[in-house]
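Number of protein chains: 2
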Amino acid sequence: MAEQLHATKLAILNATERLVARHGFGATSLRAITADAGVNLAAVNYHFATKDALILAMLNRRMKPLNETRLALLNRLEAEAGDAPVPVEKILDALFRPVLELIARPSKGGRRFLRLLALCLAEPGAYLKPLVQKEFAEKTRRFHRALRRALPELSDVEAHWRLHFAYGSFFHAVAHSQVLELSSGGRCRLTNVETVLKRIITFCAAGLRSPA
Amino acid sequence: MAEQLHATKLAILNATERLVARHGFGATSLRAITADAGVNLAAVNYHFATKDALILAMLNRRMKPLNETRLALLNRLEAEAGDAPVPVEKILDALFRPVLELIARPSKGGRRFLRLLALCLAEPGAYLKPLVQKEFAEKTRRFHRALRRALPELSDVEAHWRLHFAYGSFFHAVAHSQVLELSSGGRCRLTNVETVLKRIITFCAAGLRSPA
DNA sequence: GCTTGATTTAAACGAACGTTTGAATTATTA
DNA sequence: TAATAATTCAAACGTTCGTTTAAATCAAGC
């Protein structure tokens, strides 16, 4: 990182993450952010120029390391496997685990970051969508290749569909885990990372392997 | 329906749906809505009292019939099956089909409604969440029971998790189909209802049946 | 055709928003 | 310590928001 993170800048980013995840983009004002961060209102414009730029900075802080971790895991798996294809379960693990490990660490955004991701996908703000979709599309391409090697009987389009299903299954499960908690009467909760990971991977691997 | 729908009211609801789906909740102003609907600004407060009430009315118009259709389909399947459990594929069909048929009909909201649903889940607006979660939780309970009858080897909590995975797979696939379209280079698209339905059901049924 | 109620209209309200400004303060360097 | 740059601060800017008001227009019943 070329840029040393200023204390004020950091406080603003953390407050933004906290409030946007709780109230959404539009309903979070700069006045609320600066009050929560304990800094002056004008500090946002001084350090980030504009509100949109602040939100982009907030997203980039989390998004970039996440996808880099995913690709690094996949790279290592492919190196380990040599000429053999990486098993489906391991591909899914590389895709899902970094997100869950992020959730487990509140200092890295915790569950809040998932709310933000869900917001980015849902809220069609013109300045967010290209960023998210581009990051997602690039990452997906690599995992699509790995999946086709693991399951050569899947056609190209079929593999795209199923990867989309698998990612949706995972993303919805963790991003909207409150819905599950509610409908299960509190019996299903997102606590242990390994347990959840195993459950989702079992489900998705079976779906991916299913004969067309 | 006890209430005959006024022309102005209807125009406002349609415009709201159109604009909120495109720009999100916070970024859609009453002025933009009334301009799009071709009615006076004050008409919103006259017919719906407040902006929040308008949004709730917009959501209820689509949400209620959707979940009623799902439950009606499940009821019919259970009646047809008699004492035997309803097959997994048919349960999923009853859960997913009404949404896809809604998408196919632009007069009933089309794909717009899915954007709205995704927004409701993501945007933590205090007045929306209880409505969505309550509707979802109630509907889910019925389908959970049907699933446990179809797959008695699944434990209670395991069935909850897997139903959550299956629904997430479907919802993400259709609500954020643009992501798939982008990452597949336009080769995967949400056109034919039956084809998509078959793909998702195949994927989810295999995941649901997978041995724990 | 006048009356009564429902609806539409133009105009204004106060509040909250993102952003800008210029002076005050703090940190840095010589 | 003096000079220079970086940061913070209180205050205000113009705009837009949701909502309200009171008059104007429309519809229907007797």
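Sequence lines, in order, name chains A and B.
Numbering (this note's numbering) for the first sequence: 496 to 707.
Numbering (this note's numbering) for the second sequence: 496 to 707.
Ideal placement from N, C-alpha and C gives every residue a C-beta, glycine not left out.
Predicted model, so just to flag it, every value in this text is computed and none were measured.
- Under the Cβ criterion of 7 Å, B:E618 is counted among the residues facing chain A.
- Note on the region 510-587 of chain A: whole alpha helix (DSSP H) runs with a minimum of 4 residues are 525-532, 537-543 and 546-576, in chain order.
- Under a criterion of Cβ atoms nearer than 7 Å, no residue of chain B is adjacent to A:R644; the nearest Cβ is some 17 Å distant.
- The Cβ atoms of B:A527 and B:L514 sit closer than 7 Å to each other.
- The beta carbons of B:F608 and B:R557 sit closer together than 7 Å.
- Straight across, the Cα-Cα distance linking B:F543 with B:L525 is about 12 Å.
- Relative to A:E653, the option among B:P593, B:A645 and B:V691 whose CA is nearest is B:V691.
- Taken through DSSP and simplified to helix, strand or coil, A:P601 comes out as helix.
- Counting of Cβ neighbours within 10 angstroms places A:P593 among the buried residues, the total reaching 16 or more.
- Fewer than three pairs of CB atoms, one per stretch, sit closer than 8 Å, so the region 595-615 of chain A makes no contact with the region 656-669 of chain B.
- Remark: C-beta atoms of A:L675 and B:H639 do not approach each other more closely than 7 Å.
- Across the region 580-611 of chain B, CB contacts with chain A closer than 8 Å involve R610, in sequence order along the chain.
- Rounded to the nearest angstrom, the gap between the Cα atoms of A:L536 and A:G521 is 17 Å.
- Rounded to the nearest whole angstrom, the C-alpha separation of A:K634 and A:N540 is 32 Å.
- Closest in C-alpha terms to B:A645, from the list B:P582, B:L551 and B:A589, comes B:P582.
- With a threshold of 16 other beta carbon atoms within 10 Å, A:L587 meets it and is buried.
- Identification of chain A residues near B:I695 by a Cβ-Cβ cut-off of 7 Å yields F660, ordered along the chain.
- Taken atom to atom, the span from the alpha-carbon of B:L554 to that of A:A567 is near 42 Å.
- By the CB criterion at 7 Å, A:E618 and B:G519 fall inside the cutoff.
- Distance from the CA atom of B:L505 to the CA atom of B:R565, rounded to whole angstroms, is 25 Å.
- Taking each of B:L569, B:R517, B:L677 and B:E563 in turn and checking the Cα distance to B:L597, the smallest one comes out for B:E563.
- For A:F638, no Cβ of chain B is located within less than 7 Å of the residue's own Cβ.
- At least one CB atom of chain B sits nearer than 7 Å to the CB of A:T635.
- Counting only residues of its own chain and dropping the five nearest sequence neighbours on each side, B:L642 has a CB closer than 8 Å to the CB of V583, I586, L649, A654, R657, L658 and L703.
- The residue among B:A538, B:S678, B:R517 and B:P580 with its C-alpha nearest the C-alpha of A:R636 is B:S678.
- Of the candidates A:A632, A:P706, A:T697 and A:N687, the residue whose Cα lies closest to the Cα of B:G681 is A:A632.
- Cβ-Cβ separation between B:V534 and B:A599: approximately 29 Å, too far for a contact (criterion under 8 Å).
- Going by C-alpha positions, A:K559 is about 25 Å away from A:K693.
- Scanning chain B for C-beta atoms nearer than 9 Å to the C-beta of A:R517 yields P619, reported in chain order.
- DSSP, read as helix, strand or coil, puts A:L649 in coil.
- With a 10 Å radius around the Cβ and a threshold of 16 neighbouring Cβ atoms, B:L561 comes out buried.
- Ranked by how close their Cα comes to the Cα of A:D651, the residues A:A579, A:A707 and A:E575 have A:A707 in first place.
- A:A510 places its beta carbon less than 7 Å from that of A:A532.
- Counted as a single uninterrupted DSSP element, the stretch harbouring A:R684 is not any alpha helix (DSSP H), since DSSP gives it neither H nor E.
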